[in-house]
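Chains H and Y, in that order, are what the protein sequence lines are.
Heads up: the first sequence is residues 1 to 321, going by our numbering.
Heads up: the second sequence is residues 1001 to 1321, going by our numbering.
These notes concern the structure reproduced below.
There are 2 protein chains.
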Amino acid sequence: MILTVTLNTALDLTYRVPRLDVHGSHQVREVTERPGGKGLNVARVLAALGHATTVTGFAGGRTGAELRALLGEEQGITDALVPIGGSTRRTVGVVDESSGDATQLNEPGPHITPAEWASLLGTYAELLRGDGTAEAGNSPVEAVALCGSLPPGVPVGAYAQLIREAHAAGVPVVLDTSGEPLRRGLAARPDLVKPNATELAGITGTTEPLRAARAAQRRGAHSVAASLGSQGMLLVTPDGTWQAGPPRSIAGNPTGAGDSAVAGLLSGLVEGLPWPDRLARAVALSAATVRAPTAGEFDEEVHNDLLARVKVEEHSEPAPD
Amino acid sequence: MILTVTLNTALDLTYRVPRLDVHGSHQVREVTERPGGKGLNVARVLAALGHATTVTGFAGGRTGAELRALLGEEQGITDALVPIGGSTRRTVGVVDESSGDATQLNEPGPHITPAEWASLLGTYAELLRGDGTAEAGNSPVEAVALCGSLPPGVPVGAYAQLIREAHAAGVPVVLDTSGEPLRRGLAARPDLVKPNATELAGITGTTEPLRAARAAQRRGAHSVAASLGSQGMLLVTPDGTWQAGPPRSIAGNPTGAGDSAVAGLLSGLVEGLPWPDRLARAVALSAATVRAPTAGEFDEEVHNDLLARVKVEEHSEPAPD
């Protein structure tokens, strides 16, 4: 079983409108409503790839109840979310039907109390020990993904602590966050981090992706998968460095593309695929997500088609600087 | 007791952002969440004016449950909403903190089945007979307000039917809607309609407000209160014609200002105030609502101050055309 952690879950609403006009009034044509937050998106893609997945993190209030009800309708995902007193946030994505471009509005997350954080740590430890919920099949955790921002009240070193506990249980960890939580997380030596070029530059002070990825390695990451937007992805590992891009330029909605990439890397890890195959899967899943009509979904046929045509190139390594 | 009917209720979310940028990503600074739909806003103002108010209409799904929970926390309002299988819509108002201007996104309403419409008619008849819920104190209905648009599935002649039933029970009716539901409603001879100038022009084909109000009277309305935006309000009755404007130009958020005007007219009606006093109250409440920091609220002190300074002028009547 793969475990994804989403400390800042959200109920994601997508509104389709003909065109968003600032200070105008709009009749929304179509509303979709989904459990969201990066780790929940990763879990959805993992489940679609056939991996049993358990999600933990926080959920509370009426929006939290709604999120859990919708999550219960999804196949292959076990809900191990921890209840909180505050209300789970909503996000609203307003998609222009003409261009497909989206305007994003994110509510602030609820404040997490020390007792709620302690409760999350307890659930996490149980899951790592394999004595979690019966629904999770009490199966051992093969890998952990730690995803997204930290809600107020959670210590900034939260991810470092979760990484150390996973490693103590012999479980590899993928970390997908940014800013100070990423900086602190690196020190706990995650197996893989997946920043984009901006996030990577933010913590390393270097805008050149290869140089920045090596700097992130020196700060503690075993491997670094840097997403480079339309340029695809750069993967720097102890065993080699590879870059891959989609076979053609992909137009569409990039929401959730990064989460699909994490799911690709994570599924490749637990399946023991060679690094270039993990990278190809991440790039193909990411591109298939951009192409899908609904944010964060992906079309399996598009994915298979792209996977066959992703070109992975190995970097000839210059001497490390 | 005053009864307000809101067939298209909504859970109203207000998001405050520094500035809305099309295709940008925004961290919402502050979220407020309220039971909405025009008749619920009217009820809130009536309750603040000290009038016991019962609300009916439709509510369903998780957003309907949330709306009813929030409504239960409000003082002076009795919930006689009829449950439906569909989900109550949300509206999202995005307010720019810099200018106070709002961008509005309205979800489509749920489809109402014939059985649900029949259930609403049953509840409405019970309330008119005074044998409604115990919470409503089984008190007689002094006046009815029919407010807002019709959700899909409700017959377009709905308001005409509700007006005839109220009149059969000897209860006066204020109608605040637009388009075909207003046109059909007029034929049932409502005691008062409150269109704005655009709505009035839409059904009468006349843009000059006084001429258009007289045309609406000929189509069935006993009296017409036409809201003219910053020009205030024109009131055409069988007893005379008056116009009143706020004492000064009012800047702010006009959301809910029309609903406050309905509450002013309705409370004046049940209190037996002379027409000019009803008009002054409607204009002062409306202006106080525009001035309030939260959409649809009003400040009592601002209201009292404005009320003392609203100027009502009687029109010398030209011969009816």
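Even for Gly, the Cβ is constructed at its ideal location relative to N, Cα and C.
Beta-bridge pairing of S1227(Y) - partner residues as DSSP gives them: N1196(Y) and M1233(Y)
Output yes if chain H places a C-beta closer than 8 Å to the C-beta of S1149(Y); else output no. no
Do the CB positions of L13(H) and V42(H) come within less than 8 Å of each other? no
Verify the CB distance criterion: does N1041(Y) have a CB-CB separation below 8 Å to chain H? no
Rounded straight-line distance, which links the Cα of D277(H) to that of D239(H): 14 Å
Can you check whether the C-beta of E1180(Y) is within less than 8 Å of a C-beta belonging to chain H? no
If you draw a straight line from the alpha carbon of A1319(Y) to that of R1211(Y), how long is it in whole angstroms? Reliability of the predicted coordinates at A1319(Y) is poor, the pLDDT of 47 falling under 50, and no value is obtained from them.
Residues in the segment 1018-1032 of chain Y having any Cβ partner in chain H nearer than 7 Å: L1020, V1022, H1023, G1024, S1025, H1026, Q1027, V1028 and V1031
Run through chain H and tell me which residues come within less than 8 Å of A1102(Y), C-beta to C-beta. H23
Backbone CA spacing between R44(H) and G264(H) [nearest angstrom]: 12 Å
Buried or exposed: where does G1156(Y) fall if 16 or more other Cβ atoms within 10 Å of its Cβ makes it buried? Note that residue 1156(Y) is Val in the sequence shown here, rather than Gly. Looking at its Cβ environment, which holds fewer than 16 other Cβ atoms inside 10 Å, V1156(Y) is exposed.
Spatial neighbours of Q217(H) within its chain, please: C-beta separation below 7 Å, excluding the five flanking residues on both sides. V224 and V236
Against chain Y, which members of the segment 74-99 of chain H pass a CB distance test of less than 7 Å? V92 and V94
Within chain H, partners of N1106(Y) - CB distance below 9 Å: S25, H26, Q27 and V28
Starting from the Cα of G1109(Y), find the closest Cα among G1220(Y), F1298(Y), L1007(Y) and A1197(Y) and give me that residue. L1007(Y)
8 Å Cβ cutoff met for V310(H) and A244(H): yes
Suppose the cutoff is 6 Å on Cβ atoms and the five residues either side in sequence are ignored; what does the same chain contact list for V302(H) look like? A288 and R291
Which of helix, strand or coil DSSP assigns to N1304(Y): helix
Where the alpha helix (DSSP H) through T123(H) begins and ends: P114 to R129
Please report how far the alpha carbon of S1316(Y) lies from the alpha carbon of W1242(Y), in whole angstroms. 9 Å
Cβ pair count under 8 Å reaching 3, the segment 162-172 of chain H against the segment 194-201 of chain H: no
Could you give the DSSP three-state label for N1041(Y): helix, strand or coil? helix
Distance cutoff 8 Å, beta carbons only. Does R1219(Y) sit that close to anything in chain H? no
Kindly confirm or deny that the segment 112-131 of chain H and the segment 95-104 of chain H touch, where touching means at least three C-beta pairs closer than 8 Å. no
With which residues is F1058(Y) paired in a DSSP beta bridge? V1082(Y)
Contacts of E66(H) in chain Y (Cβ-Cβ under 8 Å): R1062
Grouping DSSP H, G and I as helix and E and B as strand, with all else coil, what is V1310(Y)? coil
Report the rounded CA-to-CA distance for Q1231(Y) versus A65(H), giving the unit in angstroms. 46 Å
For S1025(Y), write down the residues that DSSP places opposite it in a beta bridge. Q104(H)
Drop a sphere of 10 angstroms on the beta-carbon of R1248(Y), count the other beta-carbons inside from all chains shown, and report buried for 16 or more, exposed for fewer. exposed
Is there a Cβ from chain H that is less than 8 Å from the Cβ of Y1323(Y)? Chain Y is shown from 1001 up to 1321; residue 1323(Y) falls before or after that span and cannot be answered.
In the DSSP assignment, what are the bridge partners of W1275(Y)? DSSP lists no partner for W1275(Y).
Q243(H) - containing beta strand (DSSP E), residue span: G240 to G245
At a cut of 8 Å, does the segment 1021-1029 of chain Y reach the segment 1266-1274 of chain Y through at least three beta carbon pairs? no
Should N1106(Y) go down as buried or exposed, given a rule of 16 or more other Cβ atoms within 10 Å for buried? buried
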